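Quick mapping for you: the protein sequence lines, in order, are chains A and B. Each residue of the first sequence is one higher than the one before, counting from 1 in full-length UniProt numbering. Each residue of the second sequence is one higher than the one before, counting from 1 in full-length UniProt numbering. What follows is a short report on a single structure.
There are 2 protein chains.
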Amino acid sequence: MVDDGGEARLDAVFGALADPTRRAILRRLKEGEATVAALAAPFAMSQPAVSRHLRVLEEAGLITRSRRATARLSHLDAAPLRAAAGWLAEYRDYWSESHDRLAALLAAPPTDRP
Amino acid sequence: MVDDGGEARLDAVFGALADPTRRAILRRLKEGEATVAALAAPFAMSQPAVSRHLRVLEEAGLITRSRRATARLSHLDAAPLRAAAGWLAEYRDYWSESHDRLAALLAAPPTDRP
DNA sequence: TGTTTATATAACTAATAAGTTTTAGAATGT
DNA sequence: ACATTCTAAAACTTATTAGTTATATAAACA
Numbered sequence: 001m002v003d004d005g006g007e008a009r010l011d012a013v014f015g016a017l018a019d020p021t022r023r024a025i026l027r028r029l030k031e032g033e034a035t036v037a038a039l040a041a042p043f044a045m046s047q048p049a050v051s052r053h054l055r056v057l058e059e060a061g062l063i064t065r066s067r068r069a070t071a072r073l074s075h076l077d078a079a080p081l082r083a084a085a086g087w088l089a090e091y092r093d094y095w096s097e098s099h100d101r102l103a104a105l106l107a108a109p110p111t112d113r114p
Numbered sequence: 001m002v003d004d005g006g007e008a009r010l011d012a013v014f015g016a017l018a019d020p021t022r023r024a025i026l027r028r029l030k031e032g033e034a035t036v037a038a039l040a041a042p043f044a045m046s047q048p049a050v051s052r053h054l055r056v057l058e059e060a061g062l063i064t065r066s067r068r069a070t071a072r073l074s075h076l077d078a079a080p081l082r083a084a085a086g087w088l089a090e091y092r093d094y095w096s097e098s099h100d101r102l103a104a105l106l107a108a109p110p111t112d113r114p
């Protein structure tokens, strides 16, 4: 298998985050583990639909799962978000200030020292 | 129009970032503005395909466009990435250390002070 | 004015995604 | 063992996405 530097994982992570339902599920999981039923409750959506969202999150590595009685618990695993944040951080210079000004500065011809 | 707190924008931004071609285009644009042809060159993909990727990036607010002669230049606009990074930052506590340990600590019954 | 250059748009195809309802399965409790 | 509970899987529909080739358009140039 070729090492793509984690690019493939970023596809899955950013893809997972592109859906508001999944982002809401992750937000909920910050409060702690939850059953599928509990996670589905806030949404006007069938249980199988939520199950599929959970599978997407699991495939992106954003949740892990365990059992309690007949229920299945989802747990937040934020590690992949760190990689995503790392990718974004490489653009920090371009948003942290007027980038136009910065670019102009860098592109400017060298000035005479007074 | 209802204010969703920028959630709709996040859909578009994370969705745009989910594609490796588009991430590569953004990376290229850190070096400065570029024509469609220049952006398309590295990819084994037709020019219209790249044009569509650029439209997705534009709709997500990640690039702006201008003209030079018959060519159209794309410019990076990283501002939406700031919002995405802001969303991710709310999960920093959950990745910055073994969250399991942290959670266990918080959930632990108070211990006697020695 | 007509040609060239660079890019966008149109029309199409194939694959993927997100939802539905129905059904199957796995662990618990009686 | 059997019914219950909770969740996953199957089968299907519809919409979106990513790509293709062919064509149209806008600005520059001869």
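Glycine is no exception: its CB is placed at the ideal position from the N, C-alpha and C atoms. Remember, it's a predicted structure, so these values are computed and weren't measured experimentally.
Q) Would you say residue 61 of chain B faces chain A, with C-beta separation under 8 Å as the test? A) no
Q. What separation, rounded to the nearest whole angstrom, lies between the Cα atoms of residue 21 of chain A and residue 70 of chain B?
A. 43 Å
Q. How long is the line joining the alpha carbons of residue 117 of chain B and residue 80 of chain B, rounded to whole angstroms?
A. Coverage of chain B is limited to positions 1 through 114, which leaves residue 117 of chain B absent and any answer about it impossible.
Q: From the DSSP output, read off the bridge partner residues of residue 75 of chain A.
A: DSSP, once it has assigned bridges, lists A/64 as partnering residue 75 of chain A.
Q.
Using a Cβ-Cβ cutoff of less than 8 Å, which residues in the same chain neighbour residue 61 of chain A once the five nearest sequence positions on both sides are dropped?
A. 9, 12, 13, 77, 79 and 80
**Q.** Helix, strand or coil at residue 109 of chain A [DSSP, three-state]
**A.** Below a pLDDT of 50, predicted positions are generally treated as unreliable, and residue 109 of chain A, at 44, falls in that range; no measurement from the model is reported.
Q. Based on the DSSP output, what are the partners of residue 21 of chain B in its beta bridges?
A. Answer is none; residue 21 of chain B lacks a bridge partner.
Q) Is there at least one Cβ from chain A nearer than 8 Å to residue 7 of chain B's Cβ? A) yes
Q | Sequence-distant residues of its chain with Cβ nearer than 8 Å to residue 23 of chain B (five each side left out) | A | Cβ within range, chain order: 17.
Q: For residue 89 of chain B, name the three-state secondary structure that DSSP assigns.
A: In the three-state DSSP reduction, residue 89 of chain B falls in the helix class (H, G or I).
Q | CB contact flag (residue 34 of chain A, residue 88 of chain A, <8 Å) | A | no
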